[in-house]
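Residue numbers (UniProt numbering): 1 to 170.
Heads up: the structure comes next, in structure tokens.
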């Protein structure tokens, strides 16, 4: 039997962190299924989904905790079915405090689940002013139309643009 393990890792960024994680997981008979990793403000931050045979679960956790310079935590996961309707959306607008909260609040109000989210800020092409962006893979509940989601998000401000990059349900 396989356990599903979600691993979070943080530590000072340096070359070789991903390799040491992969080596440890492989040596403990784990299978690296998915991950998201970034360098943020000089720190390596990662989250991984690993499947591991029951009999290697404890030894994998113990080996990962022993990796030098990293803080590692675990949560036992489970395989979940794919949602009926997933879309990839991009939100772009002038950056301001609270914009992530506003977008997240709209998603919660519509009962839209966020499966994956990447946000950032970059200079606008012509003005250089900070431009906020978010790319999100979201699962729409059956009662929410895609147009309603876009309208709700665009209602947050006049400069907010919402693009649907891909409708993954078709």
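Where a beta carbon is used, it is the ideal one built from N, C-alpha and C, also for glycine.
* Output the boundary residues of the alpha helix (DSSP H) element that contains residue 23. => By 1-based counting over the chain shown, the position of residue 23 is 23. Where residue 23 is concerned, the enclosing alpha helix (DSSP H) stretches over 17-27.
* To do: Can you give me the start and stop residues for the beta strand (DSSP E) that residue 38 sits inside?
  => As a working mapping, residue 38 is identified with position 38 in the chain shown. Counting along the chain, the beta strand (DSSP E) containing residue 38 begins and ends at 31-40.
* Asked: Is it a yes or a no for the region 117-125 touching the region 151-159, going by three-plus beta-carbon pairs under 8 Å?
  -> no
* Asked: By how many angstroms is the C-alpha of residue 28 removed from the C-alpha of residue 88?
  -> Residue 88 sits at position 88 when you count from the first residue of the chain shown. Residue 28 sits at position 28 when you count from the first residue of the chain shown. Distance between the alpha carbons of residue 88 and residue 28: 35 Å.
* Exposure label - residue 175; buried when at least 16 CB within 10 Å -> Absent from the structure is residue 175, since the part of the chain shown begins at 1 and ends at 170.
* Roughly how many angstroms separate the alpha carbons of residue 18 and residue 165, rounded to a whole number? -> If you number the chain shown from 1, residue 18 lands on position 18. If you number the chain shown from 1, residue 165 lands on position 165. Cα to Cα, the separation comes out at about 29 Å.
* Name the residue from 134, 111, 101 and 114 whose alpha carbon lies nearest to the alpha carbon of residue 122. => Here residue 122 refers to the residue found at position 122 of the chain shown. If we check each option's Cα against that of residue 122, 134 comes out closest.
* Could you give the DSSP three-state label for residue 153: helix, strand or coil? => One-based indexing of the chain shown puts residue 153 at position 153. DSSP places residue 153 in helix when its eight states are reduced to three.
* Euclidean distance between Cα positions of residue 107 and residue 162 -> Indexing the chain shown from 1 puts residue 107 at position 107. Indexing the chain shown from 1 puts residue 162 at position 162. Residue 107 and residue 162: Cα-Cα distance of roughly 13 Å.
* 7 Å CB neighbourhood of residue 82 in its chain, flanking five on each side removed -> Along the chain shown, read from residue 1 onward, the residue named residue 82 stands at position 82. Closer than 7 Å at Cβ, skipping near neighbours: no residue.
* To do: Have a look at residue 76 and residue 85 and give me their C-alpha separation to the nearest angstrom.
  => Taking the chain shown and counting its residues from 1, the one referred to as residue 76 is at position 76. Taking the chain shown and counting its residues from 1, the one referred to as residue 85 is at position 85. When rounded, the distance between both Cα atoms is 26 Å.
* **Proximal residues to residue 113 (C-beta, below 6 Å), its chain only, five neighbours per side dropped** => As a working mapping, residue 113 is identified with position 113 in the chain shown. Closer than 6 Å at Cβ, skipping near neighbours: 139.
* What three-state label does DSSP hand residue 122 in the structure shown? -> Your numbering for residue 122 matches position 122 in the chain shown. It is a strand residue.
* Asked: Closest by CA to residue 48, which one among 71, 32, 68 and 62?
  -> Reading the chain shown from its first residue, position 48 is the one you call residue 48. The candidate whose alpha carbon is nearest that of residue 48 is 32.
* **Cβ pair residue 30, residue 56 closer than 8 Å** => Counting from 1 along the chain shown, the entry for residue 30 is found at position 30. Counting from 1 along the chain shown, the entry for residue 56 is found at position 56. Yes, Cβ-Cβ distance for residue 30 and residue 56 is below 8 Å.
* **Span separating the alpha-carbon of residue 159 from that of residue 125** => Looking up residue 159 in the chain shown gives position 159. Looking up residue 125 in the chain shown gives position 125. Their backbone Cα atoms lie some 15 Å apart in a straight line.
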